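Notes follow the structure.
Residue numbers (the UniProt record's numbering): 1 to 340.
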């Protein structure tokens, strides 16, 4: 449980108290991050206007749109507009954002991956648009449509697919799409604009913020950690991560890479916590207590490393620790760093 208290004498200092009750005892820790209104300065993005979204030019005809903690991008070419994703949280404001920039039609729609929180509103684009994604994404959507009930609304199935890599030029603009292995989801795709040096890769790096709940629901935690190195192999200046309120840089990727390294170390150290067994004939209760204790130990280690002062959204830290500790406990690729 998270409690937040504002100290009147210190104005903007936020005290966060995390409380983990267990069958055996109660665990507390208290910290006061050197932040303003609970959010570190480096986590803050541009203010969102009252209309609910913001559209800004990055460079070379590339624009990003942000609203409701989601972000995406589109590319204006001489032949039309190339859009990436269509988060329902932004919805038709995406179309308004495009119209603020150009009256050219949307000709191509790129899917970053298969998750509906990012592509759920993709059906609003012109019927003649070319939808492009990794073949695995198309297969998942096809399976979903085949079993969908009447009235279900799913995004259009991609009409152009690839397995590993795709490079395409539309008018005066070129984009590259590539799959580099499992991390967040089976379809998670790198979308790179070489001329503008802009890279979009969704649900992995959260510039200035802790990764979302359970590490963004990563399907492969080992792959999630390793993909930071893959990101850094790209020659990019600007990073679009799909979430939070600002764009990213190479430094943001390096910071999160260090965070993930510290999180894995903290998880493996926390897993040394003795497992308590009670003679109550309820093994799941014992196991649940152990998991809570290990999670708490991981959180305490990360707080000592001052990550709650470096990144925004510290209330999500216990969830990150839970994901890492429960995975490291069973995954040999992660538990290899356990002390002997």
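Where is the CB? At the ideal position from N, CA and C, for every residue including glycine. Values in this document were obtained by computation on a predicted structure and should not be read as measured data.
Asked, Found
"Contact check, residue 222 vs residue 334, beta carbons under 9 Å", "yes"
"Three-state class that DSSP yields for residue 217 in the structure shown", "helix"
"Helix, strand or coil at residue 328 according to DSSP, with G and I counted as helix", "helix"
"Test item: CB-CB of residue 48 and residue 66 under 9 Å", "yes"
"Contacting residues, own chain, Cβ-Cβ under 7 Å from residue 196 (five flanking each side not counted)", "58, 59, 60 and 62"
"Extent of the continuous beta strand (DSSP E) to which residue 191 belongs", "190-193"
"Ranges of the beta strand (DSSP E) found wholly within the segment 225-265, counting only runs of at least 3", "238-240"
"Under the three-state DSSP convention, the category residue 67 falls into", "strand"
"The segment 160-175 touching the segment 111-118, judged by at least three CB pairs closer than 8 Å", "no"
"Residue range of the beta strand (DSSP E) that includes residue 54", "54-59"
"Cβ-based neighbour list, residue 264, same chain, cut-off 8 Å, excluding 5 preceding and 5 following", "225, 324, 328, 334 and 337"
"Between the CA atoms of residue 70 and residue 136 - distance to the nearest angstrom", "24 Å"
"Supposed contact pair residue 80 and residue 106 - C-beta distance, whole angstroms, cut 8 Å", "7 Å"
"Separation of residue 320 from residue 230, as counted between CA atoms", "22 Å"
"Top-ranked residue by Cα proximity to residue 344, from 145, 186 and 94", "One cannot answer for residue 344 here, as it falls past the ends of the chain, which runs 1 to 340."
"Residue 184 - DSSP class collapsed to helix/strand/coil", "coil"
"Closest by C-alpha distance to residue 255, when choosing among 39, 43 and 285", "43"
"Three-state class that DSSP yields for residue 146 in the structure shown", "helix"
"Per-residue burial, residue 341 [other beta carbons within 10 Å of its own, 16 or more giving buried]", "Given a span of 1 to 340 for the chain in the structure shown, any question on residue 341 remains unanswerable."
"Residue 233 versus residue 54: straight-line alpha-carbon distance, rounded", "29 Å"
"Residue 94 in three-state terms, based on DSSP", "helix"
"Buried or exposed (CB count within 10 angstroms, at least 16 for buried), residue 28", "Confidence at residue 28 is low in this model, with a pLDDT of 42, below 50, so the placement of that residue is unreliable and no value is reported for it."
"Candidates 281, 91, 201 and 302, of which the one nearest residue 182 by Cα", "201"
"Exposed unless 16 or more other CB atoms sit within 10 angstroms - verdict on residue 143", "exposed"
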